[in-house]
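Engineer:
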Ligand SMILES: CC(C)(COP(=O)(O)OP(=O)(O)OC[C@H]1O[C@@H](n2cnc3c(N)ncnc32)[C@H](O)[C@@H]1OP(=O)(O)O)[C@@H](O)C(=O)NCCC(=O)NCCS
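In my numbering, the protein residues as written are 1 to 218.
(1) Taking the beta carbon of residue 164 as the centre, do at least 16 other beta carbons fall within 10 Å, making it buried, or is it exposed?
(2) Apply the 10 Å Cβ neighbour rule to residue 10 and answer buried if 16 or more other Cβ atoms are within range, or exposed otherwise.
(3) Going along the chain, which residues put their C-beta within less than 6 Å of some heavy atom in ligand 1?
(4) For my contact list, residue 219 and residue 93 are in at a C-beta cut-off of 8 Å; report their separation, rounded to the angstrom.
(5) State buried or exposed for residue 124, treating a residue as buried only when at least 16 other CB atoms are found within 10 Å of its CB.
(6) Residue 16 to residue 61, Cα distance in whole Å?
(7) Please report the residue range of the beta strand (DSSP E) in which residue 185 lies.
(8) Within the continuous alpha helix (DSSP H) that includes residue 210, where are the two ends?
(9) Let me confirm a value: residue 180 is counted as buried when at least 16 other C-beta atoms fall within 10 Å, else exposed. Which label applies?
(10) Is the Cβ-Cβ distance between residue 172 and residue 186 less than 7 Å?
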């Protein structure tokens with residue numbers, strides 16, 4: 001269940017949502033939480049700390065072992081059917097994190113819109129490292145131990161290779177990006193969740209994506 005530790009918090013979910021171990025709390029006022037049908041949250045620690053925070057998770061999303069911290073004025077959206085393993089997400093400094101549908105995040109990811117401590121230019125005295133929003137498209141696969149830093153964006157149907165750091169925009173959809181900072185090494189690909197198909201046409205889960213890549217309607 002979601003613990004409401006403030007006032008004027010709107011927390012919406014029904015009995016199809018499951019919570020198994022872990023902790024989910026909203027500490028502060030005027031925050032919004034929506035959990036869609038069949039969202040599964042297990043062994044996760046989700047904390048909204050502050051005011052005017054929005055968390056919107058669509059149907060069939062599975063969070064397993066996620067540590068999520070959202071601070072005042074921030075928002076996080078996870079679209080339908082996305083699955084996320086052990087990892088850590090921090091959204092602070094009034095930024096947003098948008099994650100598309102049908103994404104798959106392997107264990108060990110770290111996604112942060114803020115460095116959480118300031119760095120100043122000694123000459124001007126001005127801060128150098130402001131937080132910035134992160135956008136992750138639909139059907140994005142993060143390999144193990146991927147880091148995504150403030151301001152980065154990843155378009156639809158991208159694979160980020162194991163141990164990579166994404167610190168800027170990956171601007172080519174349907175590609176593989178690897179390394180630190182992550183750069184595109186392969187284009188015109190699509191990844192699938194199931195190992196046993198020989199071609200992409202044999203994978204029924206990919207038929208919608210293949211059709212929309214060809215510009216056909218569903
Ligand atoms: C992203 C990935 C799937 C790409 O596989 P691929 O298309 O077969 O790519 P290749 O293995 O042919 O590698 C292409 C090149 O990138 C290099 N490379 C691959 N992954 C790399 C990485 N994570 N970091 C740095 N270099 C990498 C290879 O050495 C190779 O270099 P070369 O061109 O100089 O020979 C694979 O590298 C990967 O990260 N696999 C792990 C997936 C994972 O984390 N699964 C967990 C379960 S969800």
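Glycine is no exception: its CB is placed at the ideal position from the N, C-alpha and C atoms.
Structural biologist: Short version:
(1) With 16 or more neighbouring CB atoms inside 10 Å of its own CB, residue 164 falls in the buried class.
(2) Counting Cβ neighbours within 10 Å, residue 10 comes out exposed, since fewer than 16 surround it.
(3) 106, 143, 144, 159, 161, 162, 163, 164, 176, 178, 179, 185, 186
(4) Summary: the structure shown does not reach residue 219, with the chain confined to residues 1 through 218, and so no result is reported for it.
(5) exposed
(6) 12 Å
(7) 183 to 187
(8) 207 to 213
(9) It is exposed - the Cβ of residue 180 has fewer than 16 other Cβ atoms within 10 Å.
(10) no
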